[in-house]
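Keeping their order, the protein sequence lines are chains F and G.
Position 61, counted from 1, in the first sequence is what full-length UniProt numbering calls 61; the numbers after and before it change by one each time, with no gaps.
Position 97, counted from 1, in the second sequence is what full-length UniProt numbering calls 97; the numbers after and before it change by one each time, with no gaps.
First up is the structure itself, then whatever we jot down about it.
Protein chains: 2
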Amino acid sequence: MGKTTMADVAKKAGVSKSTVSQFLNERYEYMSPDTRIRIEAAIDELNYQPNYLARSLKQKRTSTVGIIVANIMHQFSTEVSRSVEDYFNKHNMHAIVCNADNDPEKEKKYIEMLRAKQVDGLIIFPTAQNADIYKNMIKEEYPVVFMDRKVPDLQAPTVVSQNIEATYSAIQHFIDNGHERIAIATEPLTISPRIERHEGYKKALHANGIKINPEFQISTSIDKIKKELDRLFQLDAPPTAILAGNDIVFIEVLEFAKEKKLEVGESFALVVFDNIPFAHFVHPPVTTIAQSAYMMGEKAADLLLKQINKEQIDRHEVSFPCELIIRDSSKRLKEK
Amino acid sequence: MGKTTMADVAKKAGVSKSTVSQFLNERYEYMSPDTRIRIEAAIDELNYQPNYLARSLKQKRTSTVGIIVANIMHQFSTEVSRSVEDYFNKHNMHAIVCNADNDPEKEKKYIEMLRAKQVDGLIIFPTAQNADIYKNMIKEEYPVVFMDRKVPDLQAPTVVSQNIEATYSAIQHFIDNGHERIAIATEPLTISPRIERHEGYKKALHANGIKINPEFQISTSIDKIKKELDRLFQLDAPPTAILAGNDIVFIEVLEFAKEKKLEVGESFALVVFDNIPFAHFVHPPVTTIAQSAYMMGEKAADLLLKQINKEQIDRHEVSFPCELIIRDSSKRLKEK
DNA sequence: CCGGTTTACTAAATCGGTTTAGTAAATGAA
DNA sequence: TTCATTTACTAAACCGATTTAGTAAACCGG
Numbered sequence: 001m002g003k004t005t006m007a008d009v010a011k012k013a014g015v016s017k018s019t020v021s022q023f024l025n026e027r028y029e030y031m032s033p034d035t036r037i038r039i040e041a042a043i044d045e046l047n048y049q050p051n052y053l054a055r056s057l058k059q060k061r062t063s064t065v066g067i068i069v070a071n072i073m074h075q076f077s078t079e080v081s082r083s084v085e086d087y088f089n090k091h092n093m094h095a096i097v098c099n100a101d102n103d104p105e106k107e108k109k110y111i112e113m114l115r116a117k118q119v120d121g122l123i124i125f126p127t128a129q130n131a132d133i134y135k136n137m138i139k140e141e142y143p144v145v146f147m148d149r150k151v152p153d154l155q156a157p158t159v160v161s162q163n164i165e166a167t168y169s170a171i172q173h174f175i176d177n178g179h180e181r182i183a184i185a186t187e188p189l190t191i192s193p194r195i196e197r198h199e200g201y202k203k204a205l206h207a208n209g210i211k212i213n214p215e216f217q218i219s220t221s222i223d224k225i226k227k228e229l230d231r232l233f234q235l236d237a238p239p240t241a242i243l244a245g246n247d248i249v250f251i252e253v254l255e256f257a258k259e260k261k262l263e264v265g266e267s268f269a270l271v272v273f274d275n276i277p278f279a280h281f282v283h284p285p286v287t288t289i290a291q292s293a294y295m296m297g298e299k300a301a302d303l304l305l306k307q308i309n310k311e312q313i314d315r316h317e318v319s320f321p322c323e324l325i326i327r328d329s330s331k332r333l334k335e336k
Numbered sequence: 001m002g003k004t005t006m007a008d009v010a011k012k013a014g015v016s017k018s019t020v021s022q023f024l025n026e027r028y029e030y031m032s033p034d035t036r037i038r039i040e041a042a043i044d045e046l047n048y049q050p051n052y053l054a055r056s057l058k059q060k061r062t063s064t065v066g067i068i069v070a071n072i073m074h075q076f077s078t079e080v081s082r083s084v085e086d087y088f089n090k091h092n093m094h095a096i097v098c099n100a101d102n103d104p105e106k107e108k109k110y111i112e113m114l115r116a117k118q119v120d121g122l123i124i125f126p127t128a129q130n131a132d133i134y135k136n137m138i139k140e141e142y143p144v145v146f147m148d149r150k151v152p153d154l155q156a157p158t159v160v161s162q163n164i165e166a167t168y169s170a171i172q173h174f175i176d177n178g179h180e181r182i183a184i185a186t187e188p189l190t191i192s193p194r195i196e197r198h199e200g201y202k203k204a205l206h207a208n209g210i211k212i213n214p215e216f217q218i219s220t221s222i223d224k225i226k227k228e229l230d231r232l233f234q235l236d237a238p239p240t241a242i243l244a245g246n247d248i249v250f251i252e253v254l255e256f257a258k259e260k261k262l263e264v265g266e267s268f269a270l271v272v273f274d275n276i277p278f279a280h281f282v283h284p285p286v287t288t289i290a291q292s293a294y295m296m297g298e299k300a301a302d303l304l305l306k307q308i309n310k311e312q313i314d315r316h317e318v319s320f321p322c323e324l325i326i327r328d329s330s331k332r333l334k335e336k
């Protein structure tokens, strides 16, 4: 015998399916107290659980949204996802998180899958490699919000960090502490945050009259970061300070330091873009640039829900400031 | 104008819905090559995407399973989830991860939500507080696999670690390194892994003829761990070694050490139950007990899929060994 | 006590697919 | 040439809800 359906409840309570449906949707005006009690009893007795699929099919809404993160290993993605989930739970909706693993193919697959499942909207950390798909969603007016990364040539609601300003202030902090040979290491410049972080870097050096040394700008894939760092430290004048472009690059820097027996904070100063949960346990405690992950998640969720509810919203970027949290790894330069 | 449906495609291709459905399900024997091409063209032209809700409603399967983790902050849960996802993706199915946040109410809500969404089965890290619900699912023969924690009095497929043996070997390692005053710290003894870890602890001490000191057994909520540790270290004979019962307790131990200016590995030896991603960056590198997360995920997924496919499976526990990874934090005892 | 309103319902259509049973035309064997 | 089989489809029922339009009975004011 299959699961109990609304029809079973209706029969048991001696009413029609319609009335049971009204009951479930709490439209009690449409029935007598007596009927209401009988339906309640029947539901109880049969241990009836409604089938959301059927409901969603008819209502054309699933009360579910999708989140596609580019890389679940980033602390930032996790924090944003959590925030989005909280927001939607408050609004009696659900959020499904998928990990595109930085792979445009996977991203595409997930977008298609989630849309086939009829989720009401998507928050995407875009790989930015699926321009046609993004464009199409916008054209169809399917509810989407982009997060963290701007998609070129696309007028779409996007929530980002103020990367240029944040990087600028980190570099300024280095300079204020006497550093001049400052390096930056990020993954390849394929997405806007990385490009902007390099931009902020150059701007700060320039504003302080420090000549930009292209050798000090690393932008390569994770597996090559250590090799590049090695190259830097072979120079006659190696960097005295490094900005690690995100938490994953940070790990590489740590491993590099360990292998080469360099002391973070002693051999070179370090600032990391991104919050590190272990920031004050690693030795020494590391200076970080914290993004407003929770607020950004809320904002994105809010923009998405407004679209779902057919409210008008601005179709461009909203940016959030970052906070430089100074710990021991970026102390004043000792020797010149 | 709404989304394109199968009916639109059928009309455009000049065939019936049935034939389009056959096409989508790749049952090409049922149509001429000519028809096939016309349907293909129509789908393309209309940019048609099938609606999974409708399909699932009729087929009574969603090709989706749910994973309910007790606490997403545990590295172990994340690894297992990832493994389960990989497994189901290989089988053309999807996995949805939900976080019960150690809250039985949330767990209940998620079980109900996922079942209402008609997921084909569930993998649960149970809070063990919803016995009636678990029992009911087993009785209904709804596909479920429990993970990490045994539910008392329930004959259900369950995948767990060999906690007693693993803890035993960690304590033996301490003893072999000259420690006798060994403490264990876990969260409250409400679920089987914690109980078993205390059990393995006692067994190892007993086997080595060391008297068990109940004061050295901490089992309290996270926010009280530090207070208890403080109590321990106020003793005339404080512990020289500590086993942290999981990665979250580990953080507390680290914070405690930091606050009290104690040196991990010097002031006391430390082993952590659970893999720590930063294990070799914290100072000193910390000895851990690694669970076979990936294999456990695969096994659970396999047991679940078999149930979904109505294959017969054993309705009891499968246990996996752990590995003691010795690093610097559990070095030989120096002073007596 | 008559016509209109309110109350308390129900029947049937609908959502967008899948699936079953059936059919007309073409092919093939005797 | 005729009957059986195969080929290439289609109509309609179905999955389990929601929702719209409709109705019978009770109520009610004049």
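By construction, the Cβ of each residue, glycine as well, lies at the ideal position given by its N, Cα and C atoms.
Computed from a prediction, not measured in an experiment: that's the story for all the values here.
Residue i - partner residues in DSSP beta bridges
| i | result |
| --- | --- |
| Asn246/F | Paired residues: none, contrary to the question. |
| Ile123/F | Ile67/F, Val145/F |
| His94/F | Thr64/F |
| Gln217/F | Ile184/F |
| Val160/G | Ser319/G |
| Ile289/F | Phe273/F, Leu324/F |
| Phe23/G | Phe23/G is not bridged to any residue. |
| Val264/G | Phe268/G |
| Asn99/F | Val69/F |
| Ala241/G | Ile182/G, Ala269/G |
| Glu282/F | It should be pointed out that residue 282/F corresponds to Val in this sequence rather than to Glu. Paired residue(s): Val282/G. |
Beta-carbon contacts of residue i that lie in its chain and below 7 Å, excluding the five residues immediately before and after
| i | result |
| --- | --- |
| Lys336/F | Residue placement at Lys336/F is poorly supported in this model, since its pLDDT is 43, which falls under 50; the coordinates are not used for a value here. |
| Met1/F | In this prediction, Met1/F has a pLDDT of 47, which is less than 50 and means its spatial position is unreliable; what the coordinates show is noted afterwards. Excluding positions up to five away in sequence, the list is empty. |
| Arg315/F | Gln155, Ala156, Pro157 |
| His94/F | Ser63, Thr64, Phe88 |
| residue 364/F | For residue 364/F there is no data in the structure shown, the boundaries of chain F being 1 and 336. |
| Lys90/G | none |
Option nearest residue i by Cα separation, candidates the options
| i | options | result |
| --- | --- | --- |
| Gln291/G | Phe281/G, Arg315/G, Ile251/G, Ile276/G | Ile276/G |
| Ile225/G | Leu243/G, Glu196/G, Ala204/G | Leu243/G |
| Asn71/G | Leu57/G, Val272/G, Asp103/G | Asp103/G |
| Asp132/G | Val119/G, Val151/G, Ile123/G | Val151/G |
| Ile175/F | Phe146/F, Val160/F, Ile195/F, Ile210/F | Ile210/F |
| Asn99/G | Glu141/G, Gly66/G, Arg231/G, Asn213/G | Gly66/G |
| Leu53/F | Ala116/F, Arg38/F, Ile68/F | Ala116/F |
| Gly265/F | Glu259/F, His280/F, Asp247/F, Pro285/F | Pro285/F |
| Ala207/F | Ile171/F, Ser32/F, Leu114/F, Phe76/F | Ile171/F |
| His280/F | Met296/G, Met295/G, Glu259/G, Gly297/G | Glu259/G |
| Met113/G | Ile68/G, Gln234/G, Met147/G | Ile68/G |
| Met296/F | Glu215/F, Glu85/F, Leu235/F | Glu85/F |
Beta-carbon proximity list for residue i, same chain, < 8 Å, skipping 5 on both sides
| i | result |
| --- | --- |
| residue 337/G | This structure does not reach residue 337/G, given that chain G is present from 1 up to 336, and the question cannot be answered. |
| Ser56/F | Thr62, Ser63, Gln118 |
| Pro50/F | Met6, Leu24 |
| Leu46/F | Thr4, Asp8, Val9, Lys12 |
| Ala237/G | Arg181 |
| Glu228/F | Ala185, Ile218, Thr220 |
Other residues of its chain near residue i: CB distance less than 6 Å, five sequence neighbours each side excluded
| i | result |
| --- | --- |
| Thr287/F | Val271, Ile326, Arg327, Ser329, Ser330 |
| Met6/F | Lys17, Val20 |
| Lys306/F | Ile313 |
Distance CB(residue i)-CB(residue j) smaller than 8 Å
| i | j | result |
| --- | --- | --- |
| Ala185/F | Ile218/F | yes |
| Val144/F | Ile124/F | yes |
| residue 348/F | Thr158/F | Limits of chain F in this structure are 1 at one end and 336 at the other, which puts residue 348/F out of reach. |
| Lys301/F | Glu79/F | According to the sequence displayed, residue 301/F carries Ala and not Lys. No, the Cβ-Cβ distance between Ala301/F and Glu79/F is not below 8 Å. |
| Gly245/F | Phe278/F | no |
| Val282/G | Val249/F | no |
| Ser83/G | Cys322/G | no |
| Ile308/G | Gly121/G | yes |
| Arg149/G | Pro193/G | yes |
Next on the checklist: If contact is defined by three or more beta carbon pairs under 8 Å, each pair taking one atom from either stretch, is the segment 197-206 of chain G in contact with the segment 161-173 of chain G?
Outcome noted: yes
Item to check | Validate contact between the segment 57-68 of chain F and the segment 60-78 of chain G using beta carbons, cut 8 Å, 3 pairs | outcome: no
Checklist entry - Do three or more CB pairs link the segment 248-255 of chain G to the segment 245-261 of chain F at distances below 8 Å? => result no
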